[in-house]
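S.K.: Numbering (my numbering), first residue to last: 114 to 516.
For every residue, glycine included, the Cβ atom is placed at its ideal position computed from N, Cα and C.
All values derive from a computational prediction rather than experimental measurement.
Have a look at this one before I ask anything.
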Amino acid sequence: MWFKVRLSLAVIGLSFTLTQFSLGEEKQNVKFNLGKVIVTATKTERVAKDVSAAVSIITKEDIEKSNAKNVAEILSSVAGIYVYHTYGTPVEGKMSLRGFNPYGSERVLIMVNGVPLNSGNDNYVQFTKFPPLEDIERIEVVKGPASALWGGCAMGGVINIITKRAPAKPTYTIQTEFGNYGERSYRAEIGGGIEKFYYRISTGYREGDGYRDNTEYTRRTLSGSLGYNPDESQEFILDFDVQDSHTAYAGSLTEAQYKENPKQATSPSCGYLDFSRIALHYKKEINEFNRIEALLFTTDYGYDYPGTYRYLADINAIGGEVRYKLDYPIWNMESSFLAGLSIKFDDVDYAYYYKTTQKIDEHDENLFWSLFFQEEITPINRLTLTLGGRYDKAEYDAYRHIH
């Protein structure tokens, strides 16, 4: 077992929050709605135009107006995000933000409702972990370092996918779509509220043939949220997402093979992937100045690649976070203080079945915990001083067994 400790302190700075400065160098961001309240940049509710970081927001209206079929497609419309489909299907792929780890995502923190999707073994995020577009309320993209609040995975930025809340009134939706390359999708959703309780549940199925030969895929999803408000000051939300996918792979091509026929399959194989996420959120308004929030979550990701050799993995994570927020004036200046504790434990199992060698088992256990804080002071209009810091500790334990 070995340990890694990191202490990060960031003066986020003398940051003018005029709109043109908030957008940073990427003018394309103006097409996104900057009047919306966001939580990702500061872990507190802020209007996007008042945040000093470079932020893009994709709303559900943006999603509805687009022709995107999945999260990866809509994210590719954001300046600075590069999406790479590994096998020519929307089931698997990788992305980078502002050039951090091209073809990867281990330095970009990707979350759903604040729950990290990055795998405990390599920090990558496969597209199978993304919820269906129809379940999404908005996507918040913070470009640039955010490690002081979110940890080492956020060196390149943060992407937080916010799913829809349960509706107050009963709603029913049945939807079907057809597209190119044999793409077909079917979806149903129901939601509503009963006194202090509210709910939303959706299920969907999508299949297609892919661009290349032997790249067909299927995907089944079940997701939803259950909410409860004991009183006006408290809220409990349980949200979940369960999905499984099957995809076929065409294999890599040489330059000569690509010129001959870019759609051909050179080494056909397939893979089975499943993912589940369950999270419990709690919010409590103590008074007009004090607020606490808590999160408890678990994720489970598994895949099976039967091919030249069989490769299985089971990646489980459990974690949580507690945050305390205090809004108070300092010498007639607006001030906001945030402090919190987060913890995450990963349990990773691999199994390799080679045709020419014996079976190999690998097991990894990773424990991460951190303390963080942030202080924001606004001495004058459009000028905010921000100081943030974070202490991280990581413990790793691993072994490899050859049968």
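Are F349 and Y395 close, meaning C-beta to C-beta below 7 Å?
M.R.: yes
S.K.: Given this structure, state the Cα-to-Cα distance separating T276 from R251, to the nearest angstrom.
M.R.: Cα to Cα, the separation comes out at about 7 Å.
S.K.: Given a cut-off of 7 Å, decide if T334 and L306 are closer than it, judged by their beta-carbon atoms.
M.R.: This sequence places Gly at residue 306; Leu is not what is there. In this structure, T334 does not lie closer than 7 Å to G306 by Cβ.
S.K.: Hey, S336 and D354 are a contact pair by Cβ (cut 8 Å); roughly how many whole angstroms apart?
M.R.: About 4 Å; that satisfies the 8 Å criterion.
S.K.: Could you spell out the range, first to last residue, of the beta strand (DSSP E) harbouring E508?
M.R.: L496 to I515
S.K.: Beta-carbon within less than 6 Å of F291's beta-carbon, same chain only, minus the 5 sequence neighbours each way: which residues are those?
M.R.: R297
S.K.: Is it buried or exposed for P283, if we count other Cβ within 10 angstroms and need 16 for buried?
M.R.: exposed
S.K.: Kindly list the residues whose CB is nearer than 7 Å to the CB of E398, restricted to its own chain and excluding five residues on each side of it in sequence; keep chain order.
M.R.: S346 and R404
S.K.: Leaving out five residues on either side along the sequence, give the residues of the same chain with a beta carbon under 6 Å from the beta carbon of I473.
M.R.: Around I473: Y465 and I515.
S.K.: Unbroken beta strand (DSSP E) runs of length 3 or more, entirely within the segment 254 to 314: which are they?
M.R.: 270 to 276, 284 to 291 and 297 to 307
S.K.: Any idea what DSSP makes of Y422, helix, strand or coil?
M.R.: coil
S.K.: Based on Cα-Cα distance, which residue from V221, V168, D477 and S190 lies nearest to K178?
M.R.: S190
S.K.: Residue range of the beta strand (DSSP E) that K178 falls in?
M.R.: Counting along the chain, K178 falls outside any beta strand (DSSP E), though it belongs to the alpha helix (DSSP H) covering K173 to K178.
S.K.: Among R300, Y441 and G233, which has the Cα closest to the Cα of G432?
M.R.: Here the closest residue by C-alpha is G233.
S.K.: Assuming A378 and A392 make a contact with CB atoms under 8 Å, what is their CB distance in whole Å?
M.R.: Actually they do not touch by this definition, with Cβ atoms about 39 Å apart.
S.K.: Does DSSP classify D248 as helix, strand or coil?
M.R.: For D248, the three-state secondary structure derived from DSSP is helix.
S.K.: Smallest Cα separation from F458: which of D413, Y504, D344 and I176?
M.R.: D413
S.K.: Counting C-beta neighbours from all protein chains within 10 Å, is the total for M446 16 or more, i.e. buried, or is it exposed?
M.R.: exposed
S.K.: Just how far apart, CA to CA, sit R325 and G384?
M.R.: 16 Å
S.K.: Got a sec, what are the start and stop residues for the beta strand (DSSP E) V348 sits in?
M.R.: According to the sequence as given, residue 348 is Glu; it is not Val. Q347 to Y362 is the extent of the beta strand (DSSP E) around E348.
S.K.: Where do the N-terminal and C-terminal ends of the alpha helix (DSSP H) with I187 fall, by residue?
M.R.: V184 to L188
S.K.: If we ignore side chains and look at the alpha-carbon of each, how far apart do L230 and L222 end up?
M.R.: 8 Å
S.K.: Given a threshold of 16 other Cβ atoms within 10 Å of its Cβ, counted over all protein chains shown, does R513 qualify as buried or as exposed?
M.R.: The residue is exposed, with fewer than 16 neighbouring Cβ atoms inside 10 Å.
S.K.: Out of S448, A511 and L480, which has the shortest C-alpha to C-alpha gap to N494?
M.R.: S448
S.K.: Note the first and the last residue of the continuous beta strand (DSSP E) segment covering K372.
M.R.: Element bounds for K372: not the beta strand (DSSP E) but the alpha helix (DSSP H), E368 to E373.
S.K.: From which residue to which residue does the beta strand (DSSP E) around D344 run?
M.R.: Unbroken run through D344: none, as it is neither H nor E.
S.K.: If you reduce the DSSP assignment to three classes, tell me which class F402 lands in.
M.R.: coil
S.K.: Given a cut-off of 7 Å on the beta-carbon distance, is the pair E475 and Y467 in contact?
M.R.: no
S.K.: Skipping 5 residues on each side, what residues in its chain have a beta carbon closer than 6 Å to that of E406?
M.R.: K396 and R436
S.K.: Since W482 sits in a beta bridge, which residues does DSSP pair it with?
M.R.: I456 and K506
S.K.: Can you tell me where the beta strand (DSSP E) with V225 in it begins and where it stops?
M.R.: L222 to V225
S.K.: Could you please give me the residues that DSSP links to G337 through a beta bridge?
M.R.: I314 and F353
S.K.: Taking the C-alpha atoms as reference points, what is the distance between E302 and R319?
M.R.: 15 Å
S.K.: Per DSSP, Q487 forms a beta bridge with which residues?
M.R.: L451 and G501
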